[in-house]
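This report concerns only the one structure given below.
2 protein chains.
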Amino acid sequence: MSETNTKSKRLKHKEDLRRKILEVAKELFLKHGYDSISIRKIADKIGISPTTIYLYYQDKSDVIYALHQEGFKMLATQFAVLRNVEEPFERLKAMGKSYIEFAMENRDFYELMFIMREPIEFVNKNYACEWEEGGAAFEALLVTVADCKAKGYFKQADLHAMSLYVWATIHGICSLKLQGHLDHVVNAHFPEKEQQLSLEKAFDTLVLNLKSIQ
Amino acid sequence: MSETNTKSKRLKHKEDLRRKILEVAKELFLKHGYDSISIRKIADKIGISPTTIYLYYQDKSDVIYALHQEGFKMLATQFAVLRNVEEPFERLKAMGKSYIEFAMENRDFYELMFIMREPIEFVNKNYACEWEEGGAAFEALLVTVADCKAKGYFKQADLHAMSLYVWATIHGICSLKLQGHLDHVVNAHFPEKEQQLSLEKAFDTLVLNLKSIQ
DNA sequence: AAATATAATTAACAGTGTTAATATTTTAAA
DNA sequence: TTTAAAATATTAACACTGTTAATTATATTT
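Chains as they are written, first to last, in UniProt numbering: chain S, 1 to 214; chain B, 1 to 214.
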């Protein structure tokens, strides 16, 4: 009895500290960005030694990966609501807008999830094929595009190519914006009054294009 | 006489060492990637003290920016040939393929030019509006899209929105691929025989879409 | 109470960019 | 030619980084 009691107590403590480490990492991440996450800072904030962290995570990449996972759970939650949009093309548009919103409101998370190499390489190495969270996100898009095709949209296009294309376009818009690659180009080449709306206009162009191949 | 002589000699030496630093930085960059560029390693390889580099570049970002500029010159050279393609839609397609080629053959440069934050932030801070190399690249795209419109393509679409949209799509394809975000998704959701060609198929979908709104 | 796991720590390694103070070399003036 | 000044380069130091091996402290079990 008391044996299993102490065992479960210890297990709980292990889980608590593991969560605490992640929590502090997230705090640093959200306050001062990715570069301010350091094993030593996390340890300092909790009041433990830096090396203790290595008893709970295999290395820094592992901590980063845990944050990466959190991001995908957040996105999944946001997407879940859209299953209620019946008309598939409307749902596709809403997914696009929702994705852009997520990127703009969670810049650091977006960078971690879809731009940086480190976390996804950790997935590819350690989780190979069984990465639920990532698979689910693309699956949602795939299903919606399939629904569109079933209703007569995108007749000429291939399902997989079309899905990848839509994702790539919206990711392209988000990543250029977030990483600061649009500022100069937009300032130099866009008419004054269009500068603020450049993102929206690029998205509208995608929608326009999608409509015309229906 | 001898005064201007020694002056120009000194100036030449300054330029030589400045170039040498960049050359070694590039060597490290191409051999072992971005992360292996370090002020200390560069200095070691040349046989000077690390601090000497700060007499030729204001900081590490400045060295990185110089590499960034080299990349844009490479891309401009590659694009220059395409001015000879008369038919504007053909030219647009060729630009797209050429851009993807550049990205795949110069992965590290592409990351530096279009994905990383640091170098473009250096541009935005230090060069503000007068960044020729970057402006020229987008200008080339803008002109081609304008030529397309003049020939009756993309009638409904706005010139600037359309250009940004095309860039974003192709950048999206390249960046997802280069940063390793396609591997898992393609393995999990694409039919076996389509996996190798996923990039090409996404590009073809773009072309298909562009055709149908002409 | 002694032996054994488990957990956490200290010390150390091998790096990083960057700055201030110092030394060396080259150029200009007396 | 010698001296003052300017330009160039270096050393030493600061404040960091992730990570490992060896050691100590704390629980748990015999």
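We put the beta carbon where it would ideally sit given N, CA and C, even for glycine. Remember, it's a predicted structure, so these values are computed and weren't measured experimentally.
H160(B), enclosing alpha helix (DSSP H) - first and last residue:
159-178
Note down the Cα distance separating Y110(B) from H189(B), rounded to an integer number of angstroms.
27 Å
Under a Cβ-count criterion, where at least 16 other Cβ atoms within 10 Å of its own Cβ denotes burial, should L30(S) be classed as buried or exposed?
exposed
So with Cβ pairs under 8 Å, would you call F190(S) a contact of chain B?
yes
For the region 125-137 of chain S against the region 188-207 of chain S, are there 3 or more C-beta pairs whose distance is under 8 Å?
no
S2(B): buried (16+ other C-beta within 10 angstroms of its C-beta) or exposed?
Here S2(B) scores only 35 on pLDDT, less than 50, and its place in the model should not be relied on; the value that follows carries that caveat. Exposed, since its Cβ has fewer than 16 Cβ neighbours within 10 Å.
Give me the residue from E200(B), Q69(B), Y54(B), K97(B) with the minimum Cα distance to L82(B).
K97(B)
Taking S61(S) as the reference, which of L159(S), F72(S), L210(S), E118(S) has the closest Cα?
E118(S)
Chain B contacts from the UniProt domain "HTH tetR-type" (15-75) of chain S (Cβ-Cβ distance under 8 Å)
none
Secondary structure of I100(S), DSSP reduced to three states:
helix
For a cutoff of 8 Å on Cβ pairs, would you count S98(S) as touching chain B?
no
Neighbourhood of N5(B) by C-beta distance below 7 Å, restricted to the same chain and skipping five residues each side
Low per-residue confidence applies at N5(B): pLDDT is 45, beneath 50, and the placement is therefore not dependable, though the value from the model is reported in the following sentence. Excluding sequence neighbours, N5(B) sits near nothing in its chain.
List the endpoints of the continuous alpha helix (DSSP H) containing K41(B).
39-46
Check whether the Cβ atoms of D158(B) and K201(S) lie closer than 8 Å to each other.
yes
For A140(S), go through chain B and note every residue whose CB falls closer than 7 Å to its CB, in chain order.
Under the 7 Å cutoff, chain B gives no residues; its nearest Cβ is about 11 Å from A140(S).
What do you reckon, is the C-beta of S175(B) under 7 Å from a heavy atom of the ligand NAP?
In terms of ligand content, the structure shown is empty, and the ligand NAP therefore cannot be addressed.
With a threshold of 16 other CB atoms inside 10 Å of the CB of A25(B), please say whether the residue is buried or exposed.
buried
Just to make sure I have the definition right: I need the residues of chain B whose C-beta is within less than 7 Å of the C-beta of T144(S). Which are they?
Those within 7 Å of T144(S) in chain B number zero; the least Cβ separation is about 13 Å.
Nearest neighbour of M104(S), chosen from A168(S), K177(S), E70(S) [CA to CA]:
K177(S)
Can a CB atom of chain B be found closer than 8 Å to the CB of Q153(S)?
For clarity, residue 153(S) is Tyr in the given sequence; the question names Gln instead. Y153(S) does not count as touching chain B.
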